[in-house]
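Novice: This structure is in structure tokens; I'll ask about it shortly.
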Amino acid sequence: MMLAAIIVLGIGTYTMRLGGVLLRERIELSDNLQRLLPMAAAALLTALAATSTLMAGSGFAGVARPAGVAVGALLAWRKAPFVVVVVAAAATAALLRLAGIE
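Structure, rendered in structure tokens:
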């Protein structure tokens with residue numbers, strides 16, 4: 001069952017991509033829309049990141065997760081190596097949870 005779902009989703013994904021390639025010449029977007037589409041993609045990714053950071057299920061995720069994300073974002077902004085970013089973010093969240101700060 002799981003394999004069938006993965007195959008169906010994969011076929012759907014590649015069909016959508018193929019549709020974009022095939023319809024590129026047929027659909028003409030205005031200059032304003034072409035300028036706004038990259039910003040819309042960035043806004044959607046930001047909303048997804050914020051939701052994943054702040055929410056756990058239907059409730060607030062607590063302080064530890066956003067603190068870990070903030071540490072990771074700061075280190076990434078300072079161009080730290082990826083492994084350092086991930087380990088520091090995970091360690092921050094783990095230590096806060098260990099200290100009883102959820």
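Numbering-wise (full-length UniProt numbering), the sequence shown opens with residue 1 and increments by one. Using N, Cα and C, we set each Cβ at its ideal position, and we do this for glycine too. From a predicted model like this one, the values you see are computed outputs, not experimental measurements.
1. On the CB-based measure, 16 or more other CB atoms within 10 Å of its CB, does residue 75 come out buried or exposed?
2. How would you call residue 65, buried or exposed, if buried means at least 16 neighbouring beta carbons within 10 angstroms?
3. Rounded C-beta distance between residue 62 and residue 28? I'm assuming under 8 Å.
4. By DSSP, does residue 55 sit in helix, in strand, or in coil?
5. Buried or exposed: where does residue 92 fall if 16 or more other Cβ atoms within 10 Å of its Cβ makes it buried?
Specialist: The structure says:
1. Stepping through the sequence shown from its first residue, residue 75 is reached at position 75. By the 10 Å Cβ count, residue 75 comes out buried.
2. What you label residue 65 is simply residue 65 of the sequence shown in a count that begins at 1. Buried: at least 16 other Cβ atoms inside 10 Å.
3. Position 62 of the sequence shown holds residue 62. Position 28 of the sequence shown holds residue 28. The beta carbons of residue 62 and residue 28 sit about 48 Å from each other, so the pair does not count as a contact at 8 Å.
4. Within the sequence shown, numbered from 1, the residue matching residue 55 stands at position 55. In the structure shown, residue 55 sits in a strand (DSSP, three-state: E or B).
5. Taking the sequence shown and counting its residues from 1, one reaches residue 92 at position 92. Of the residues assessed, residue 92 falls on the buried side of the cut-off, its CB having 16 or more other CB atoms within 10 angstroms.
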